[in-house]
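> Quick one: this structure, given as structure tokens, is what I'll be asking you about.
Protein chains: 2
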Amino acid sequence: MKKRYLKSLGMSGLILLGGVLLPALVFPQAEPLYVTDQMLRDADKDLGNWLLYGRDYASSRFSPLAQINPTNVKNLVLKWVFQFGVLDVQQGQPMVNNGVLYVTSSFGRLFALDGRTGKLLWRYDHPLPEDIVTWAPTGATNRGVAFYHDKVYLATLDAHVVALDARTGKVVWETVVDEYKKAINMNLAPLPVNGKIIVGMAWGDFASRGFLVALDAETGKEVWRTSTIPAPGEPGGETWQDPEQKAWRYGGGATWLTGSYDPELNLLYWGVGNPAPAHDGLVRPGDNLYSDSTLALDPDTGKIQFYFQYTPHDVWDYDSNGPTLLTDVQGRKAWLHGDKNGFFYAIDRTNGKCLYAVPVVRITWAKGLDTNCRPIVNPEKLLSRDRVTTDIAPSRAGGVPWYPMAYSPRTGYVYVPTTEISIDLQARSEAPKPGYPYPGAQVIRTSRPGNGALKALDAQTGQVIWVANQRSPIWSGVLATGSDLVFAGTPEGEFRAYHARTGELLWRFQTGSGIHGGPATFLVDGKQSIAVPSGGGGPSRINAARGGTPWLKDAAPGGALFVFGLHEEESVAH
Amino acid sequence: MKKRYLKSLGMSGLILLGGVLLPALVFPQAEPLYVTDQMLRDADKDLGNWLLYGRDYASSRFSPLAQINPTNVKNLVLKWVFQFGVLDVQQGQPMVNNGVLYVTSSFGRLFALDGRTGKLLWRYDHPLPEDIVTWAPTGATNRGVAFYHDKVYLATLDAHVVALDARTGKVVWETVVDEYKKAINMNLAPLPVNGKIIVGMAWGDFASRGFLVALDAETGKEVWRTSTIPAPGEPGGETWQDPEQKAWRYGGGATWLTGSYDPELNLLYWGVGNPAPAHDGLVRPGDNLYSDSTLALDPDTGKIQFYFQYTPHDVWDYDSNGPTLLTDVQGRKAWLHGDKNGFFYAIDRTNGKCLYAVPVVRITWAKGLDTNCRPIVNPEKLLSRDRVTTDIAPSRAGGVPWYPMAYSPRTGYVYVPTTEISIDLQARSEAPKPGYPYPGAQVIRTSRPGNGALKALDAQTGQVIWVANQRSPIWSGVLATGSDLVFAGTPEGEFRAYHARTGELLWRFQTGSGIHGGPATFLVDGKQSIAVPSGGGGPSRINAARGGTPWLKDAAPGGALFVFGLHEEESVAH
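Structure representation (structure tokens):
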């Protein structure tokens, strides 16, 4: 810590000096909360903090911390709990800087907490308009913040980005990115890259056209904006082949999960959602770029450099917003991506070429993949407006849902949460109306109720090494540690630790509501802690209502942060 | 356990047989949930269960369990959490029968949980009318259930009593006790006595006339109903001396906390609330019986046998609903009672005579007590409609609030939560309107912000043995154990263990929201567990708003049950 402090002092001493003068009353440590570009680039090696949504720019969700290990994990106990004061599904990623936890709850409440005690240092409740439009089961979610220099950045449900003083929670600037009345929600953790704060939007399903935006981190001024759905005449525009050339205007392609960044290549990788309408493909013949793709972009200009599309002309709602995890595969710089379409991919991140793709769940919609991993669609699983197409697998819940996987460089395995549900669908002709749902479906029902698994795949080949079967799908983020532990939660509320090499269940704790957020590990007073939000309901209930997980029909919402550490026999501090 | 089962089988084998045939799937143990009168009378000696609101008929809140002790309490860790799915102040008392926890949340939701895992066995959500009237900060509270034979009893916000099958949660009967439109709420744990379920009502402050009701435990039929405010001509009616003889009709005297019972004397002891209007005493000259009293009643007929009035002609809102704790004092059968008026009393429970009374907080409203412990009122602290009376101590929050104290027969000490706040008041003339607030006050504001303490008093003399000072008032129930531990919570969310002989703080845990419920201890698989609800806001915020505890102004509501046990190094059960 001390070392980093001196280093960053050299880079911007004046601002740091302000930090040093802070009264010790406000923060548990007198050390500053200033975050430099170098700190973000070195976040993978940072033992104490959790500085980026995916822990590092590669989104690896691997921490080298090893104090908690397979032998002593049975001594993991709850140190404190913070209740958010709202009840919903909680999908936040707790993030940590110098002993201060920044955690967001549903509706975008932001809490700064003393990591040692859970004491509230400050809170920010973003005021929301009463006529906000979102999708009830999960819409009010918020997934976390970004740190950059002396500020914390929050993207809001009404499509604002708010920059707050990391020490006080005071609003420094607030930028309106888009009109909330068009059902443009923002609920992702922003990504800080080279002085810019990059955010995407949710609800491509509300007859909107997806985009990514970069704001100046100091001022909030927009630097660039890139549409994920090209207009006619733009590269990719030819993949929207409706004769009237208007489908692209409502073409979806949302960008609601934080991307990854490769500082060496200076490339940003960002997942794009399904085309709209999700199920009525008749109105949008063609591949519908860049829906269901990962984009590689220049973070300085927003220019799309190349892409890989997982599901051309998707009619099954296989949005590809799930993480792109950067690592080397077969000696090449690659990204790994588990897709809702059921395949797991390794893609060359210098050019977008497929290195391999393997099915990781039961798949009926495709018969296989061609040599560049383009799917060979099963014509029996295409949709019609006239009849129901049955037993489409995976379901809209996704074979690999968006919940972030983790990769351990120690084992070489990637830990992927999977879901096995199949579905019946029938398309419907619908007129797009911005701000209103635009699914293009008249039947959405489950064919086979679903279970799930946590699967460990060899990152080099995609080969499955072990499978930890689950009654319910795993709809939580995954964390891997330097002691060969893997943590993930269940919709039933259990937070669990598995052995990273065998999948053996080593420890579990019932939090009382479903776990759908991301676990974080970090140091408090030199001791390893693990934080995870608890709050279920949303995804469990919607899938239960459709018959996908009937035993979760009463899954209750929640709202609390649970922080664990190794049990110590010590007296209470007075 | 086995022994009790055989014993109760002899008493009512047929019903028990039904219990035995239950599939093992539904309950963690195949043993029945049948509760006999003898079990209730012996609840003080029952190691495994928590069968009555105050643990035993004496309301002692003492458990002989001693596995968790002052040496190993540092190894107390959280075993599981159950989130209620509502956010409010949570004042419930978890109750336990044969490994099943029955806990109520705000709005009277009732959850039956497997004590080992927190798994929900069944739940009951009482449907409430949309036009229910209550007092927002704490009104929606529910304090627990009653067990009798094969049923669990819940009193509801809309003044119903519901009897449910303890095994399935199925409603067996439901009785409407009064009209909810008159703002008659019920939020107490009913008391089961000799085949009757006894309940009281809340909101004597809404221009109502208090009462107690006994229902037949099997059928729900009303057995008796006793008014706490006598009509003209009835005994005590002469203490309502307004010339028009109408004040008694709106005279208050609510009965919103569970009473105690002496099986040998066959007497029921029940606290009565303040007279109404709370502050405008001019409309009700006289002592205003039986407001601010403890009644001793025949549980078979409801007939009042005798009483003790703590604050005759109360104008300061010193309701006396707090527990009457039955024990022997100076060789006599007595009850102990800490009153909102700031005094702590020992009363002969065979005749209502005062044995001793001592001040336990700063008191300005009285100059002292006469020989039968009747207060000598300080005329400077009487109220006027024309001017503000300042620095009245204790405040309306109470010197000894209602939150239940505990008594340890090992130490001979009673553990009393106290509050030090003083207040300014000015009366106002108001017309009573049933169902509407009737405080009779135009100024209610804090003079001195308040702190609190947990105080250990020698039950024989009232002498203070030790004081554990607190930043905030203790507004939680207290638990004493057979290993000389005392547990209580704080409005800041900490659950704490103190040494019963010294008051030393031995252990604490941050639950993330204020603690205002009652801790329970019980056995699960032979191991001592401790359960406490967490959920704050209400009382903290209302006192903060009035200036009493300004640092609690942002106290957030919550809703979760926390269950603790000793840490064990053991593998996870698969």
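Line by line, the protein sequences are chains Z and E. Last residue of the first sequence: 574 (this note's numbering), numbering continuous. Last residue of the second sequence: 1574 (this note's numbering), numbering continuous. Virtual Cβ for every residue (Gly too), placed ideally from N, Cα, C.
#1: Three or more C-beta pairs under 8 angstroms: does that hold for the segment 90-103 of chain Z against the segment 137-150 of chain Z?
#2: Residues in the segment 68-98 of chain Z with C-beta within 7 angstroms of chain E's C-beta atoms, listed in sequence order?
#3: So which residues on chain B does G118 of chain Z lean against when the C-beta distance must stay under 7 angstroms?
#4: Can you list, in chain order, the residues of the segment 1553-1566 of chain E whose Cβ is nearer than 7 angstroms to any Cβ on chain Z?
#5: Quick one: what's P1275 of chain E bridged to in DSSP?
#6: Which runs of the beta strand (DSSP E) at least 3 residues long sit entirely within the segment 1415-1476 of chain E? Give them in chain order.
#7: Thinking C-beta only, is L457 of chain Z closer than 8 angstroms to P519 of chain Z?
#8: So is G526 of chain Z buried or exposed if we call it buried at 16+ other beta carbons inside 10 Å?
#9: How many Å lie between S1320 of chain E and K1079 of chain E at the Cα?
#10: In this structure, does DSSP put W507 of chain Z in helix, strand or coil?
#11: Have a look at L120 of chain Z and L113 of chain Z and give me their C-alpha separation to the nearest angstrom.
#12: Do T1324 of chain E and S1395 of chain E have their C-beta atoms within less than 8 angstroms of each other?
#13: Quick one: what does DSSP say D1527 of chain E is sitting in, helix, strand or coil?
#14: Which residues bound the alpha helix (DSSP H) around R1041 of chain E?
#15: Please tell me whether V86 of chain Z and S106 of chain Z are closer than 8 angstroms, where the distance is taken between their beta carbons.
#16: Can you tell me where the alpha helix (DSSP H) with I542 of chain Z in it begins and where it stops?
#17: So, T1350 of chain E versus A1058 of chain E, is the Cβ gap smaller than 8 angstroms?
#18: Do three or more CB pairs link the segment 1258-1267 of chain E to the segment 1276-1292 of chain E at distances below 8 angstroms?
#19: Are any of the Cβ atoms in chain E nearer than 8 angstroms to that of S571 of chain Z?
#20: Pull the bridge partners of R1496 of chain E from the DSSP assignment, please.
#21: Please go through the segment 260-328 of chain Z and give each complete beta strand (DSSP E) segment of 3 or more residues, from N-terminal end onward.
#22: Go to I1197 of chain E, then tell me how far its beta strand (DSSP E) extends in each direction, as first and last residue.
#23: Do V272 of chain Z and S293 of chain Z have their beta-carbon atoms positioned less than 8 angstroms apart in this structure?
#24: Using a Cβ-Cβ cut-off of 8 angstroms (strictly less than) and excluding sequence neighbours within five positions of R209 of chain Z, which residues of its own chain qualify?
#25: Compute the Euclidean distance between the alpha carbons of Q1305 of chain E and P1299 of chain E, then round it to the nearest angstrom.
#26: Indicate the three-state DSSP secondary structure (helix, strand or coil) for A1247 of chain E in the structure shown.
#27: Could you tell me whether the Cβ atoms of W256 of chain Z and L212 of chain Z are closer together than 8 angstroms?
#28: Sorted by chain position, which residues of the same chain lie with C-beta nearer than 7 angstroms to R330 of chain Z's C-beta, five sequence neighbours on each side aside?
#29: As a quick exercise: from Z:V199, Z:W135 and Z:G195, pick the residue whose alpha carbon is nearest that of A159 of chain Z.
#30: Taking the straight line between their C-alpha atoms, what separation do you get for F1522 of chain E and I1376 of chain E?
#31: Closest by CA to Y415 of chain Z, which one among Z:V360, Z:P432, Z:A366 and Z:Y310?
#32: Can you tell me whether V1145 of chain E is helix, strand or coil according to DSSP?
With the structure as the only source:
#1: yes
#2: K74, N75, V77, L78, W80, V81, F82, Q83, G85 and L87
#3: The structure shown contains no chain B; its protein chains are Z and E.
#4: A1556, P1557, G1558 and A1560
#5: Under DSSP, P1275 of chain E takes part in a beta bridge, and its partners are E:G1252.
#6: Fully enclosed beta strand (DSSP E) runs of 3 or longer: 1441-1458 and 1464-1470.
#7: no
#8: exposed
#9: Their backbone Cα atoms lie some 37 angstroms apart in a straight line.
#10: strand
#11: 5 angstroms
#12: no
#13: Checking the sequence, you will find Lys at residue 1527 of chain E rather than Asp. Correct three-state label for K1527 of chain E: strand.
#14: D1037 to R1041
#15: yes
#16: In the DSSP assignment, I542 of chain Z falls within the alpha helix (DSSP H) that extends over G538 to A545.
#17: no
#18: no
#19: A caution first: S571 of chain Z carries a pLDDT of 45, below 50, which makes its placement in the model unreliable, though a value can still be read off. S571 of chain Z counts as touching chain E.
#20: R1496 of chain E is bridged by DSSP to E:A1488 and E:R1508.
#21: 260-262, 267-271, 293-297 and 304-309
#22: Start and end: K1196 to G1200.
#23: yes
#24: S227, T228, I229, W248, R249, Y250, G251, G252 and G253
#25: 10 angstroms
#26: Reduced to three states, the DSSP call for A1247 of chain E is helix.
#27: no
#28: Checking the displayed sequence, the identity of residue 330 of chain Z turns out to be Gln instead of Arg. Within the same chain, Q330 of chain Z has close Cβ partners L355 and Q460.
#29: Z:V199
#30: 44 angstroms
#31: If we check each option's Cα against that of Y415 of chain Z, Z:V360 comes out closest.
#32: coil
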